[in-house]
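Novice: Structure in structure tokens, see below.
Residue numbers (the numbering used here), protein chains in the order written: chain A, 1 to 363; chain B, 364 to 726.
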């Protein structure tokens with residue numbers, strides 16, 4: 001699977017990411033104070049005339065502009081407090097080639113209006129869409145002061161190599177991701193790919209950022225050092241169970257399932273810290289785990305929670321599944337997934353973990 | 364009509380701009396040597412490490428990257444000739460909010476690949492989409508060295524004011540644009556709007572461009588000082604005739620037609636020269652009229668030329684017509700338009716005029 005070309009978050013429709021991103025929106029709400037603090041620290045000593053801000057993995061939907069509104073508000077607040085004339089803002093929205101930028105751009109004018117209502121003195125705010133993988137250079141050297149990325153970095157640049165044995169037979173049989181039953185070489189292959197991707201991400205961004213710039217990142221992580229721990233692999237195991245059902249009914253070919261692995265990894269804190277330290281472009285200013293149970297973000301009085309959760313997952317995963325299996329199977333798959341998820345009482349769902357990081361670009 | 368929100372060139376489909384822009388493509392081919400010369404003049408004295416290039420009104424379709432390939436090739440050629448390391452290129456593609464940027468972005472990777480095949484030493488080429496009207500500021504100050512705009516500037520920012528009399532009754536009855544039968548206040552109102560828009564365009568770009576930068580523009584113009592001359596109003600008159608037919612059949616309401624005027628103006632050379640001289644930000648390096656007859660760009664052995672020409676016109680006009688009249692009328696309208704155009708033998712079609720300009724940003 002050519003992840004760069006396949007993966008994207010759909011901008012419209014029942015099963016689109018745009019309409020099923022409450023979980024990510026919940027993270028963004030929690031990130032606001034962290035973003036504000038990062039901006040404050042960044043602007044504590046100098047006040048650039050022009051500030052470059054990038055949102056990497058902006059997707060499309062109601063969340064796209066949420067962090068930017070916080071960032072712009074924080075920048076203007078600090079400049080006003082210091083009685084400085086407001087800077088020129090250059091905002092770059094990045095996502096993969098297939099992202100629905102048309103939806104994003106249609107929302108630009110009202111974003112700009114809402115900013116201008118609050119910040120009358122902000123004369124120059126320029127917004128551009130920058131398509132491409134953030135595992136490649138996407139912006140000019142020394143052009144960014146603040147980089148934000150929410151729920152992007154647990155996506156790998158590709159499905160890891162090393163998921164087949166020497167004879168070419170799949171090692172992660174019946175599973176779509178790191179799972180409790182995966183042989184140890186599978187999580188190793190995933191970790192190895194994450195290490196390569198995350199280090200590359202840091203290296204590329206360090207070229208694009210000015211010294212003393214800040215990077216505010218949030219992405220899915222796991223609590224324990226064991227990548228197969230039950231709490232983290234819960235949704236994967238349930239999805240694999242839904243796939244197993246379709247295999248048993250002859251709807252999905254077993255070999256096709258064995259060769260499907262999602263390009264996604266949830267690192268633990270130590271893995272992330274080690275990579276940042278080793279790469280040396282950034283120092284860690286803040287590293288915070290957010291643990292959340294479903295009740296933190298599910299709508300209250302939700303009846304059919306399985307259907308709701310399956311729909312949320314579908315928003316992120318559907319394009320890859322369709323690419324590999326064809327679109328005929330997705331309705332049946334997510335129907336079965338709903339059923340399986342419904343069997344687990346809400347109280348028994350594992351918590352989910354996100355990391356929030358603020359990194360400072362070294363001199 | 365809120366032109367900024369309504370006007371856009373469709374990226375896909377039988378009647379899309381993308382599939383009906385042979386005429387504009389033909390202009391672009393003629394522009395190549397002019398672009399190359401402008402780049403050469405711009406780079407005759409200094410060799411910036413980072414070069415900003417904007418294509419304003421990039422639309423979507425096969426033409427979008429055509430001028431950029433010429434520009435990038437010319438820049439690299441000159442740097443190589445002078446044995447300088449190739450610069451960083453920042454490319455900005457601009458069009459209105461409703462433009463199909465998704466189509467443009469899907470074509471990015473192969474554009475970048477084709478550039479990298481030819482220019483291996485070009486390490487940094489960044490491309491961004493910049494949605495918004497070029498009658499507003501869209502890019503940071505002093506960020507551009509070369510601005511290109513093809514077939515954009517004959518579109519006005521809005522339908523001119525002053526197309527109704529004091530009692531609010533429409534002056535340009537039965538016509539969709541400046542026409543031979545328009546009262547003189549109509550072309551005056553159009554000219555006035557063009558003067559405002561073109562001067563504003565120059566002023567805004569001068570803020571975004573570095574001194575000594577070049578602007579390469581092409582847009583539709585007219586030969587004579589009379590804005591109602593037959594040669595220029597030919598297609599408008601024929602379209603009005605098609606509308607008149609729909610009015611006579613009760614398909615289009617007469618009042619609705621009287622209140623429809625297209626936000627488009629074809630200036631003559633003197634009008635353009637005067638505005639550039641008066642605004643003072645740019646000097647004229649080159650001003651060239653391109654006159655073309657149909658045979659220059661129509662496919663050879665075309666049978667049903669009316670249908671072909673109506674389809675080309677539809678690519679550019681359909682969205683505005685649908686916005687004003689509803690989509691029910693467009694098939695009938697362009698069917699009738701085809702018939703009317705077919706009645707004119709190919710040999711009797713007037714020539715069309717485009718201007719090609721190279722402007723140099725003053726110090």
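Yeah, the Cβ is synthetic: ideal placement off N, Cα and C, and Gly gets one too. Source: prediction; values computed, not measured.
Would you say residue 380(B) lies against chain A (beta-carbon separation less than 8 angstroms)?
Specialist: Note on residue 380(B): pLDDT 49, under 50, position unreliable in the model; the coordinate value appears next. Not closer than 8 angstroms to any Cβ of chain A, the Cβ of residue 380(B) fails to qualify, so no.
Novice: So the candidates are 540(B), 513(B), 684(B) and 445(B); which of them puts its Cα closest to the Cα of residue 428(B)?
Specialist: 513(B)
Novice: Out of 265(A), 136(A) and 332(A), which has the shortest C-alpha to C-alpha gap to residue 160(A)?
Specialist: 265(A)
Novice: Cβ atoms of residue 574(B) and residue 726(B): under 8 angstroms apart, would you say?
Specialist: A Cβ-Cβ contact shorter than 8 angstroms links residue 726(B) with residue 574(B).
Novice: Is any beta-carbon of chain A found at less than 8 angstroms from that of residue 502(B)?
Specialist: yes
Novice: Span of the beta strand (DSSP E) holding residue 511(B)?
Specialist: Taken as a continuous stretch (DSSP letters only), the beta strand (DSSP E) holding residue 511(B) covers 507-513.
Novice: Once the 5 residues before and after residue 343(A) are set aside, which same chain residues still bring their CB inside 8 angstroms of it?
Specialist: 306
Novice: So residue 646(B) is in the beta strand (DSSP E); what residue range does that whole segment cover?
Specialist: 645-655
Novice: Beta-carbon within less than 7 angstroms of residue 615(B)'s beta-carbon, same chain only, minus the 5 sequence neighbours each way: which residues are those?
Specialist: 606, 609, 688 and 692
Novice: Along the region 110-141 of chain A, where does the CB come closer than 8 angstroms to a CB of chain B? Name the residues.
Specialist: 124, 126, 127, 128, 129, 130, 131, 132, 137, 138, 139, 140 and 141
Novice: My output table needs one value for residue 135(A): the three-state DSSP class, helix, strand or coil.
Specialist: Reduced to three states, the DSSP call for residue 135(A) is coil.
Novice: With a threshold of 16 other CB atoms inside 10 Å of the CB of residue 486(B), please say whether the residue is buried or exposed.
Specialist: exposed
Novice: Tell me, please, which residues DSSP counts as bridged to residue 457(B).
Specialist: 419(B) and 493(B)
Novice: For residue 157(A), which three-state DSSP category applies?
Specialist: The three-state secondary structure of residue 157(A), taken from DSSP, is coil.
Novice: Return yes when the Cβ of residue 430(B) is within less than 8 angstroms of the Cβ of residue 405(B), no when it is not.
Specialist: Residue 430(B) sits away from residue 405(B), with the two beta carbons spaced by 8 angstroms or more.
Novice: First and last residue of the beta strand (DSSP E) that includes residue 361(A)?
Specialist: 352-361
Novice: Tell me which same chain residues have a C-beta within less than 8 angstroms of the C-beta of residue 222(A), skipping the five on either side of it?
Specialist: Within the same chain, and ignoring the five residues on either side of residue 222(A) in sequence, the residues whose Cβ sits closer than 8 angstroms to its Cβ are 229, 231, 232, 266, 267, 268 and 353.
Novice: Once the 5 residues before and after residue 650(B) are set aside, which same chain residues still bring their CB inside 6 angstroms of it?
Specialist: Correct list, in chain order: 720.
Novice: Whose Cβ in chain B lies nearer than 9 angstroms to the Cβ of residue 297(A)?
Specialist: Simply none; closest approach about 30 angstroms.
Novice: Take residue 481(B) and list the residues in its own chain whose beta-carbon comes closer than 8 angstroms to its own, dropping the five residues that flank it on each side.
Specialist: 436 and 439
Novice: Can you find a CB in chain A that lies within less than 8 angstroms of the CB of residue 464(B)?
Specialist: Chain A, which has a Cβ nearer than 8 angstroms to the Cβ of residue 464(B), makes this yes.
Novice: Quick one: measure Cβ to Cβ for residue 420(B) and residue 508(B), integer angstroms, because I've assumed they're closer than 8 angstroms.
Specialist: At roughly 19 angstroms, the Cβ-Cβ gap does not stay under 8 angstroms, so residue 420(B) and residue 508(B) are not in contact.
Novice: Tell me the rounded alpha-carbon separation between residue 179(A) and residue 236(A).
Specialist: Straight across, the Cα-Cα distance linking residue 179(A) with residue 236(A) is about 7 angstroms.
Novice: Where does residue 671(B) sit, in a helix, a strand or coil, going by DSSP?
Specialist: Note: residue 671(B) maps to helix in three-state DSSP.
Novice: Less than 8 angstroms between CB atoms is the rule here; does residue 460(B) satisfy it with respect to chain A?
Specialist: Interface flag for residue 460(B) against chain A is set, since a Cβ pair is found closer than 8 angstroms.
Novice: Using a Cβ-Cβ cut-off of 8 angstroms (strictly less than) and excluding sequence neighbours within five positions of residue 432(B), which residues of its own chain qualify?
Specialist: 474, 477 and 478
Novice: Can you tell me the Cα-Cα spacing of residue 380(B) and residue 679(B), whole angstroms?
Specialist: Note that residue 380(B) scores a pLDDT of 49, beneath 50, so its modelled location is shaky; the value from the coordinates is reported in the next line. Whole-angstrom Cα-Cα distance: 6 angstroms.
Novice: If you check the beta carbons only, do residue 491(B) and residue 92(A) fall under 8 angstroms apart?
Specialist: yes
Novice: Starting from residue 90(A), find everything on chain B with Cβ-Cβ shorter than 8 angstroms and list it in chain order.
Specialist: 503
Novice: So which residues on chain A does residue 471(B) lean against when the C-beta distance must stay under 7 angstroms?
Specialist: 97 and 131
Novice: Under 7 angstroms between beta-carbons, which chain A residues line up against residue 413(B)? List them in chain order, please.
Specialist: 140
Novice: Under DSSP, the alpha helix (DSSP H) around residue 201(A) begins and ends at which residues?
Specialist: 185-208 is the extent of the alpha helix (DSSP H) around residue 201(A).
Novice: Can you check whether the CB of residue 457(B) is closer than 8 angstroms to the CB of residue 417(B)?
Specialist: yes
Novice: Output, in chain order, the set of chain B residues within a Cβ distance shorter than 7 angstroms of residue 105(A).
Specialist: Result: 460, 464 and 494.
Novice: What's the call for residue 415(B), buried or exposed, on a 16-neighbour Cβ count within 10 Å?
Specialist: buried
Novice: Take the Cβ of residue 637(B) as the centre, count every other Cβ of all protein chains shown within 10 Å, and call the residue buried at 16 or more, exposed below.
Specialist: exposed
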